[in-house]
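K.L.:
Chains as they are written, first to last, in this note's numbering: chain A, 438 to 550; chain B, 23 to 138.
Beta carbons are placed, not taken as given, at the ideal position from N, Cα and C, and that holds for glycine.
Pasting in a structure now, in structure tokens, and then I'll have a few things to ask.
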Amino acid sequence: NAGVTQTPKFQVLKTGQSMTLQCAQDMNHEYMSWYRQDPGMGLRLIHYSVGAGITDQGEVPNGYNVSRSTTEDFPLRLLSAAPSQTSVYFCASSEGLAAYEQYFGPGTRLTVT
Amino acid sequence: AQKITQTQPGMFVQEKEAVTLDCTYDTSDQSYGLFWYKQPSSGEMIFLIYQGSYDEQNATEGRYSLNFQKARKSANLVISASQLGDSAMYFCAMREYNTNAGKSTFGDGTTLTVKP
């Protein structure tokens, strides 16, 4: 199993550009999440999904969209990048709502200039 | 109010000694899980240990143990026999299963440095 994969690993955007961060998992997990980690801080939840076709907002959803058309994939879209979105983005998955372990991807380091 | 509080921004420990990293949490949910993750300088998030709110025994995983004091709402991580490779950022996190749809909340982390 590849686990949770994220692409790209690094990305530089100009203010106003849009892009999609890709996340895929091959463990047939129902629950997937996107987090951002700003320097010296913990992870903050952006959006999450409890299954294909079902998504909901987390703590910091503004400026981001998600969709979940398949169990495997959970892309995160930045609509119009802003410098405040410079961060490291992590995707995670778990078997279900009450699963005790989340599996994290390696992260995407995004810089918006 | 912060749901997860880690009051120690940085900690130092001598190699081979034990160290306790503090974590307090705030929830009204009866069903929740508490987690500790390690983030080395390479950046990945590594799951260490889990404690469920209904678990009566403290969780242990090798050199890691979780000191769970439910009434005090604390979930401290104890690392025994510290190794140089334990130097990393450590995050405490909580998932609330009834009131918060299983969403995770993370603390701001504690940077642990193990001295030789």
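What residue range does the beta strand (DSSP E) around Ala-115 (chain B) cover?
P.N.:
First-last of the beta strand (DSSP E) with Ala-115 (chain B): 110-118.
K.L.:
Buried or exposed, going by whether 16 or more other CB atoms sit within 10 Å of the CB of Ala-93 (chain B)?
P.N.:
Burial call: exposed.
K.L.:
Tell me whether the beta-carbon of Gly-500 (chain A) lies closer than 8 Å to the beta-carbon of Leu-482 (chain A).
P.N.:
No.
K.L.:
Taking a contact to mean a Cβ-Cβ separation below 8 Å, would you say Met-464 (chain A) touches Tyr-485 (chain A) in this structure?
P.N.:
Their beta carbons are not under 8 Å apart, which means Met-464 (chain A) does not touch Tyr-485 (chain A) by this criterion.
K.L.:
So what's Gln-79 (chain B) in DSSP terms, helix, strand or just coil?
P.N.:
Gln-79 (chain B): coil per DSSP, three-state reduction.
K.L.:
Tell me Thr-127 (chain B)'s beta-bridge partners as DSSP assigns them.
P.N.:
The partner list for Thr-127 (chain B) (beta bridge, DSSP) reads B:Met-116.
K.L.:
Out of A:Gln-522, A:Asn-438 and A:Ala-529, which has the shortest C-alpha to C-alpha gap to Val-549 (chain A)?
P.N.:
The shortest C-alpha separation from Val-549 (chain A) is found at A:Gln-522.
K.L.:
So Leu-106 (chain B) and Leu-99 (chain B) are supposed to be a Cβ contact under 8 Å. How far apart are they, rounded?
P.N.:
Going by Cβ atoms, the distance from Leu-106 (chain B) to Leu-99 (chain B) rounds to 18 Å, so no, they are not a contact pair.
K.L.:
To the nearest angstrom, how far is the alpha carbon of Ser-109 (chain B) from that of Met-67 (chain B)?
P.N.:
So the two alpha carbons sit approximately 14 Å from each other.
K.L.:
Does DSSP classify Gly-107 (chain B) as helix, strand or coil?
P.N.:
Here Gly-107 (chain B) sits in helix by DSSP.
K.L.:
Tell me which residue opens and which closes the beta strand (DSSP E) that Asp-493 (chain A) is part of.
P.N.:
491-494 is the extent of the beta strand (DSSP E) around Asp-493 (chain A).
K.L.:
Return the CA-CA distance between Gly-124 (chain B) and Gln-61 (chain B), expressed in angstroms with no decimal places.
P.N.:
Taking the straight line from one Cα to the other gives about 22 Å.
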